[in-house]
Amino acid sequence: MRTIRLYPRPLVNFIVICVTLLVNSMAVLGINRRPNIVLILTDDLDVSIGGMIPLNKTKKLIGEAGISFTNTFVASPLCCPSRASILTGKYPHNHHVINNTLEGNCSSLAWQKSQEASTFPVLLQHHAGYQTFFAGKYLNEYGATEAGGVEHVPPGWDYWFALERNSKYYNYTLSVNGKAQKHGQNYSEDYLTDVLANRSIDFLQYKSNYRPFFMMISTPAPTPLDRRPAVRGPLCRHQSAPEPQLQRARQGQTLANKTS
Numbered sequence: 001m002r003t004i005r006l007y008p009r010p011l012v013n014f015i016v017i018c019v020t021l022l023v024n025s026m027a028v029l030g031i032n033r034r035p036n037i038v039l040i041l042t043d044d045l046d047v048s049i050g051g052m053i054p055l056n057k058t059k060k061l062i063g064e065a066g067i068s069f070t071n072t073f074v075a076s077p078l079c080c081p082s083r084a085s086i087l088t089g090k091y092p093h094n095h096h097v098i099n100n101t102l103e104g105n106c107s108s109l110a111w112q113k114s115q116e117a118s119t120f121p122v123l124l125q126h127h128a129g130y131q132t133f134f135a136g137k138y139l140n141e142y143g144a145t146e147a148g149g150v151e152h153v154p155p156g157w158d159y160w161f162a163l164e165r166n167s168k169y170y171n172y173t174l175s176v177n178g179k180a181q182k183h184g185q186n187y188s189e190d191y192l193t194d195v196l197a198n199r200s201i202d203f204l205q206y207k208s209n210y211r212p213f214f215m216m217i218s219t220p221a222p223t224p225l226d227r228r229p230a231v232r233g234p235l236c237r238h239q240s241a242p243e244p245q246l247q248r249a250r251q252g253q254t255l256a257n258k259t260s
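Using the UniProt record's numbering, you'd call the opening residue of the sequence shown number 1 and step up by one each time.
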């Protein structure tokens, strides 16, 4: 005859509590923990025109402590198609963003309907349990009224601080989780690079420690628009960046096209 042993309920509850504590402890200690990911995307940071010369701390803290890829390729030299390729992992002829305009599918309604739902932040959020954070320049035409305005928050992002349209450092609008936040030209409050840095630090301080996170910080810098922040003194030891040779080359190519 088979004997069935019954354990008292307090013992069962104790075992459940112990297992729960063990699982939580493993999570805290990082056992089988998925890595946190920080992606910093800069704009027009071209080595050939001296873009890395002022960034001594960046080179020391990131470049020298990690890996520099000296033989790399991009799907497109244009801004919006390249950003779309980063988000989707596709070539431009597959994601259909062909230039930096709405007509070229840059953050258009067609892009939102066909591509945004399958970007890699969506996969990280829904299939891998990541907390996701975005701050900065998204796509060049993001926030256009014809494409939903700044109220549109792309899927896949828990925290969203996106620049309306293209690169600016002052007098811009941010989409803060779908609500417009306007900024002026006060350096201490509005200089975009610092605003993005402060938002990123806030996220790191208040995020959950029990889930991995993905951060994408996309600065318009060093695009030479407002050449310097509105501050003078020992903080600004470097001169303005030279006019990009690439921009002059593009102008020359455009002129050649017009005259040919």
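Ideal Cβ positions, reconstructed from N, Cα and C, are used throughout, including at glycine. Just so we're clear, the structure is a prediction, and the values are computed from it rather than from any experiment.
Using only the alpha-carbon positions, how far apart do Asp46 and Pro220 sit? 13 Å
Taking Glu146 as the reference, give the member of Leu55, Tyr169, Ser175, Ser107 with the closest Cα. Ser107
Going by alpha carbons, who is nearest to Met216 out of Lys207, Tyr172, Tyr159, Gln185? Residue Tyr159 is the option with its Cα nearest to Met216.
Since I believe Asn36 is in contact with Phe213 (beta carbons under 8 Å), could you give me their beta-carbon distance rounded to a whole number of angstroms? 5 Å
Considering only the alpha carbon of each residue, which of Phe133, Ser85, Thr88 lies closest to Ser208? Phe133
Beta-carbon gap between His95 and Asn105 smaller than 9 Å: Going by C-beta atoms, His95 is nearer than 9 Å to Asn105.
Who pairs with Phe134 in a beta bridge, going by DSSP? Trp160, Met216
If Glu141 sits next to Thr101, beta carbons under 8 Å apart, how far is it from one beta carbon to the other, in whole angstroms? 7 Å
Given a cut-off of 9 Å on the beta-carbon distance, is the pair Val153 and Gly184 in contact? no
Do you know whose CA, among Glu103, Arg83, Ala180, Thr119, lies nearest Ser218's CA? Arg83
Counterpart residues of Ile40 in DSSP-defined beta bridges: Ile217
Anyone know if the C-beta pair for Lys137 and Leu41 falls short of 9 Å? Yes, these two residues count as a Cβ contact at 9 Å.
Sub-9 Å separation of Leu123 and Gly156 beta-carbons: yes
Going by the DSSP bridge assignment, what does Ser175 pair with across the sheet? Ala162, Ala180
Please classify Val150: is it buried, with 16 or more other beta-carbons within 10 angstroms of its beta-carbon, or exposed? buried
Alpha carbon to alpha carbon, how far is Leu174 from Tyr191? Give it in angstroms, no decimals. 12 Å
Same chain only: Cβ atoms within 7 Å of Ser48, ignoring 5 sequence neighbours per side: Within its own chain, no residue has a Cβ closer than 7 Å to the Cβ of Ser48 once the five positions on either side in sequence are excluded.
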